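2 protein chains.
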Amino acid sequence: MPRPTRHVFVCSQQRPPGHPRGSCAAKGASPLLQAFWAELQKRNAYDQVAITYSGCLGPCDGGANVLVYPEGVLYQRVTPDDVVEVFEKHLLGGEPVTRLVAAPTEW
Amino acid sequence: MPRPTRHVFVCSQQRPPGHPRGSCAAKGASPLLQAFWAELQKRNAYDQVAITYSGCLGPCDGGANVLVYPEGVLYQRVTPDDVVEVFEKHLLGGEPVTRLVAAPTEW
């Protein structure tokens, strides 16, 4: 794939039911990843944006976690309903969606 | 985890044996990831460097692939023997290991 302008990592970490840390998988990472991929396809933005799933990004309590590079912006509690806004405003527009940005204590 | 200065994504994509694209898993991604994590632990560099596994990064032929942000440097054909050099020179020293950098046609 071409080198993207922005690269989105959607934490897809799984853990067993009842695990004390929980997981982004248990917080909806799979439908979230699908929503990002669907939006990428719909906009045919493959030259600008890459969407990749990843292992644990750290602050599991606030999942589902989504990390955007090169800025290193971590979004928390992201749901499929947020995907269009993140895509338009940040991934294509360059301006982070502040209401979803992790607190400085988290990242 | 604290926001790292450099974030390493080790492609750990698996595919069935005989799949035409191959995979980074088949090219040694798992021992490579373990080597990065071991080096991170040895250096106790958790405040500076994060190591995360990821899904497919694209150019599977050249795996195992390792992507470093915020620079967006893709390394290819990485083996556990390369880990100390990548750690010292790039992750802590800020200078990419040019002999491993993907060709511009790949990334």
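Note that the protein sequences, when read in sequence, are chains A and B.
Residue numbering for the first sequence is 552 to 658, as defined by our numbering.
Residue numbering for the second sequence is 552 to 658, as defined by our numbering.
Beta carbons are placed, not taken as given, at the ideal position from N, Cα and C, and that holds for glycine.
Everything numeric in this text was worked out from a predicted model, so none of it was measured.
- With the criterion set as a beta carbon lying under 7 angstroms from some beta carbon of chain B, the members of the segment 588-606 of chain A are Thr-603, Tyr-604, Ser-605 and Gly-606, in sequence order.
- Shortest Cα-Cα distance from Pro-582 of chain A to any of A:His-641, A:Asp-632, A:Thr-656 and A:Val-637 involves A:Asp-632.
- Gly-569 of chain A and Pro-655 of chain B have their C-alpha atoms roughly 46 angstroms apart.
- A Cβ of chain B is located within less than 8 angstroms of the beta carbon of Arg-554 of chain A.
- Annotation: Lys-593 of chain A to Lys-593 of chain B spans about 45 angstroms, alpha carbon to alpha carbon.
- Here the alpha carbons of Val-648 of chain B and Ser-563 of chain B stand approximately 21 angstroms from one another.
- CA-to-CA, the gap between Ile-602 of chain B and Ala-580 of chain A works out to about 20 angstroms.
- Under the Cβ distance rule, Leu-651 of chain B does not count among the residues neighbouring chain A, no pair being separated by less than 8 angstroms.
- It is roughly 12 angstroms from the alpha-carbon of Gly-606 of chain A to the alpha-carbon of Gly-614 of chain A.
- When C-alpha distances from Thr-556 of chain A are compared across A:Val-629, A:Val-619 and A:Val-635, the shortest belongs to A:Val-619.
- Distance from the CA atom of Glu-646 of chain B to the CA atom of Gly-573 of chain A, rounded to whole angstroms, is 37 angstroms.
- CA-CA distance, Pro-610 of chain A to Asn-616 of chain A, rounds to 8 angstroms.
- Look at the segment 578-634 of chain B and you find these whole runs of beta strand (DSSP E), each 3 residues long or longer: 600-605, 617-620 and 624-626.
- Residue burial annotation: Val-635 of chain A is exposed, with fewer than 16 other C-beta atoms found within 10 angstroms of its C-beta.
- Around Lys-578 of chain A, the same chain offers Gly-614 and Ala-615 as residues with beta carbons nearer than 7 angstroms, after the five sequence neighbours per side are excluded.
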